[in-house]
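One structure below.
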Amino acid sequence: MDLAGTAPTGVSPVGARPARRPHLRRIRSLARAHEHHLWVAGGRAAALVPLVALALTMVVLAWKAWPAARVNGLHFLVASTWKPGSTYGAVTRTDGVAHPVGASYGAWPVIAGTLESSLIAIVIAVPVSIGAAFALTERLGGWLAGVLRTAIEILAGVPSVIIGLWGALTLGPLLANDVYPVIARNMPDLPALRFFKGPVGHGEGLATSGIVLALMIIPIIASTTRTLFAQVPALPKEGGEALGMTDWEVSRRITMPWVRAGIVGAAVLGLARALGETIAVAMVSGSLLNTVAPNLYGTMGTIAATLVTQLDSAFVDGTGFEVRTLAELAVVLVVVLLLVNTAARLIVRRAGGIAAPVGTGA
Amino acid sequence: MTGSTRPWNRALAVVAAAALGLAVLAGSASAASAKAKPKPKARPSGIENPGSATISETGSTLLYPLWNIWVPAYQQLFHSVSITTAGTGSGTGITDAANGTVDIGSSDAYLPPADVQQDPTLENIPLAISVQVIAYNLPGVTAHLNLSGKVLSDIYQGKITSWNDPAIAAANPNVSLPDIPIVALHRSDGSGDTFIFTTYLSDTDKAGWGTKVGYSTSVQWPTTPGALAEQGNGGMVSACAKTVGCIAYVGISYLSQLLGDGLTYAALQDGKGKYVLPTPANVAAEAAYFVKKTPPDGTISLIDGPVENGYPIINYEYAIVNTKQSSASTARAIRSLLEWAVSPKYGNSAQYLSQVSFQPLPAKLLKASLAQIHKIR
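In the order they appear, the protein sequences are chains P and C.
Just so you know, the first sequence maps onto residues 987 to 1348 in this note's numbering.
Just so you know, the second sequence maps onto residues 8 to 384 in this note's numbering.
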């Protein structure tokens, strides 16, 4: 509402605070004259915010983590002990960095847990998401598609803590009572399949974490894939049908190759979410620090879950070494995410952009 | 917007201002009437008048249920003190008090020496005596199993993995033990309960647990099949309730939840090797031995004393407080609240403590605690 602009003179019609008006007008006319520059400068500043935020986060994390990284060494990535040392014991120094006597950290179990649970999630989520997207764009029409689409969107918006709670209270025990025993019993007793056999636990563990993660990333992958499918032009598909292809052949030989690179991208989005998901996994994994799951159902921990469950007790370490080690762990997670992202970009490039030649391999 | 609508704005503003004024008047009137109503009854003797202040507390989930009983009772005497409490685990309680984020940190463990070195004005004030029970979920076994420190240590090291292990059977000749895998629960947060429990394991299995793992508010838990880490005493009880074969160390203030969830607790070995339950008499016997040894600053573990009929895992519940407070009024309110809490007439009376199965401070310790409380300035 531009009062100053519409008033006939600098004197306000009701005479309220006339002294302030001219300044306001001058500022406004200045702003109008330089509107373009303001717009560009504002846009640039806004564009810089994410970059600066990312850089600052990384710098602060690295700054915090560096002393711990020096003491823990490369050994940190492969060792399996998470040993805070006794905060009631003496304080000692290694390379000038203070830490409790007996502190020794290895993150391999939680690194492995992160990769394993995300792998399970992606293996479940990708086929389900592609199926759902395919059904939405090609098979279901009208109100049913609308309902399903809305359901997927709502699932995407459910806070992870709620999914975690449901996973811990309902899904986990259900799987442990009715599903895992069936899988463990019926899996052939081969050395390669040992991982699927053995005690099934009580609902918290690797398999449950993977399944909960899958539920959380399905909406991400499915909605992206649905958009991709919708972008495939009708002409090649109709051409395929004209050549006598079945629906299955059209989707496999025309639609899928058309969007393959995009689907890899969608899967990577989902994978990144799974790798970094925190609270839901903390609630259904068992939150262990020292244990690589002995089989598919065993309890374990992930990097992100460890950060959230251990921060409190880390503050008890008066030397601050455990907090630094958690910062180092956070850096490891960021590096894992970067590696996954880079790998995905390479795959996408090799798969060749969105416009794959029609009928490749047909 | 044109000039013609502006009077409307002014009219609206006037109406709004009038409404606001009325609301403020009404608010202050009701506040005044609220203030006028409750008059403190008789001034409680021996308790400083706190004045008006806000006190915050975080920490031990074991002490948390007692705070929830204490605070309303204290506020009935002193309306002008507002108190917030939170069960966050002793680790957070210690850290928050050390950092000055809260006024009182609750802990089942005394302060680590490094913290005291860093912050010489921090003190741990014993408030009451608590007990730790070893709970388990074994359908069909209602008896209190006999468990020794060595057996518990072996369970938590993954050396004993089934409930019908010969080592457990030998101590329980009259119980038919099921062939159920043991699921060992531990705390994921920094916890005074972990400190007490691991101190007990270190004391009773010096060569094993004592050298390999040691004691602290969080330790490197050896790998055991199906192990679970849970947050807070509440998390331990609810996880144990849904996990058949579980074993968990739980503060006695969760005894009623524990029994309500169908869990049972174990008898442990006293100083003479006899298995005893955490009855008030057995706890008092253990406490009597350690009270004599307790230094004025209350820093001591009450674990596995050489006492006949003494239950071996008990502890002081501490308030971690900085003696140097930023304001005299906060210091006065903290003193008042803690004086009330340790007083045998008020906070330490059976009326409150029996609800969480705690034991009151013995006279010698009461004196020491009061001396510590009076240092808060």
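Backbone N, C-alpha and C define an ideal beta-carbon position, used for all residues, glycine too.
For L1274 of chain P, the closest Cβ of chain C is nearer than 8 Å.
Less than 8 Å divides the Cβ of V1198 of chain P from the Cβ of I1149 of chain P. For T149 of chain C, the CB contacts under 8 Å within the same chain, skipping 5 residues up- and downstream, are T271 in chain order.
Note on the region 274-324 of chain C: whole beta strand (DSSP E) runs with a minimum of 3 residues are 274-276, in chain order. Between A273 of chain C and L184 of chain C, the C-beta spacing is not below 8 Å. Below the 8 Å Cβ cutoff, chain C contributes K249 as neighbours of P1159 of chain P, in chain order.
From the beta-carbon of H1188 of chain P, the residues of chain C found nearer than 9 Å are V190, G233, L235, A246, K249, T250, V251, G252, C253.
Along the region 1057-1081 of chain P, going in chain order, the ones with a CB nearer than 9 Å to a CB of chain C are S1066, T1067, W1068, K1069, P1070, G1071, S1072, T1073, Y1074, G1075, A1076, V1077.
Counting only unbroken stretches of 3 or more residues, the beta strand (DSSP E) elements lying wholly within the region 1047-1117 of chain P are 1077-1080, 1083-1086, in sequence order.
With a threshold of 8 Å between beta carbons, F1182 of chain P makes no contact with chain C. A1076 of chain P places its beta carbon less than 8 Å from that of V1087 of chain P. Contact check for I310 of chain C against T206 of chain C passes: the beta carbons are separated by less than 8 Å.
If you draw a straight line from the Cα of V1320 of chain P to the Cα of A1258 of chain P, it is about 10 Å long. Interface residue (Cβ-Cβ distance to chain C less than 8 Å): G1304 of chain P is classified as such. Taking a cut-off of 8 Å for Cβ pairs, the region 180-195 of chain C and the region 354-372 of chain C do not touch, as fewer than three such pairs fall below it. Residue state for P1280 of chain P is assigned as coil, using DSSP reduced to three classes. Identification of residues in the region 118-130 of chain C having a C-beta nearer than 7 Å to some C-beta of chain P yields P119, P120, A121, D122, Q125, given in sequence order.
Taking C-beta atoms as the reference points, V1278 of chain P and S1072 of chain P fail to come closer than 8 Å. Excluding sequence positions up to five before and after A1054 of chain P, its CB lies within less than 6 Å of the CB of R1310, T1311, E1314, all in the same chain and listed in chain order. By the Cβ neighbour-count rule, D1164 of chain P is exposed, with fewer than 16 other Cβ atoms within 10 Å of its own. In the DSSP annotation of this structure, the continuous segment of the beta strand (DSSP E) that includes P133 of chain C starts and ends at 129-143. The C-beta of M1202 of chain P has 16 or more other C-beta atoms within 10 Å across all chains shown, which makes the residue buried. Residue range 335-349 is occupied by the alpha helix (DSSP H) that includes S336 of chain C. In this chain, the alpha helix (DSSP H) harbouring V1147 of chain P covers 1146-1152. Taken in chain order, the members of the region 96-120 of chain C whose beta-carbon sits within less than 7 Å of a beta-carbon on chain P are G96, G98, T99, I101, T102, P119, P120. Neighbours of Y207 of chain C in chain P, taken as residues whose beta carbon is under 9 Å from its own, are absent, since the nearest beta carbon is some 14 Å off. Excluding its 5 nearest sequence neighbours in each direction, V1322 of chain P has C-beta neighbours in its own chain below 8 Å: I1097, T1100, L1101, L1261, I1289, listed in chain order. DSSP places L1134 of chain P in no beta strand (DSSP E) but in the uninterrupted alpha helix (DSSP H) bounded by 1128-1143. DSSP places A1316 of chain P within a helical segment (H, G or I) once states are collapsed to three. If you check the CB distance, M1286 of chain P and L1151 of chain P do not come in under 8 Å. Under the Cβ criterion (8 Å, minimum of three pairs), the region 172-183 of chain C does not count as touching the region 122-139 of chain C. DSSP places V1245 of chain P inside the alpha helix (DSSP H), whose first and last residues are 1242-1262. In the three-state reduction of the DSSP assignment, Q227 of chain C falls in the coil class, being assigned neither a helical nor a strand state.
Between I1206 of chain P and the set P:A1118, P:V1317, P:L1192, P:P1159, the nearest pair of CA atoms involves P:A1118. For H193 of chain C, the enclosing beta strand (DSSP E) has its first and last residue at 190-194.
For N1058 of chain P, the closest C-alpha among the options P:V1046, P:M1044, P:T1080, P:A1027 is that of P:T1080.
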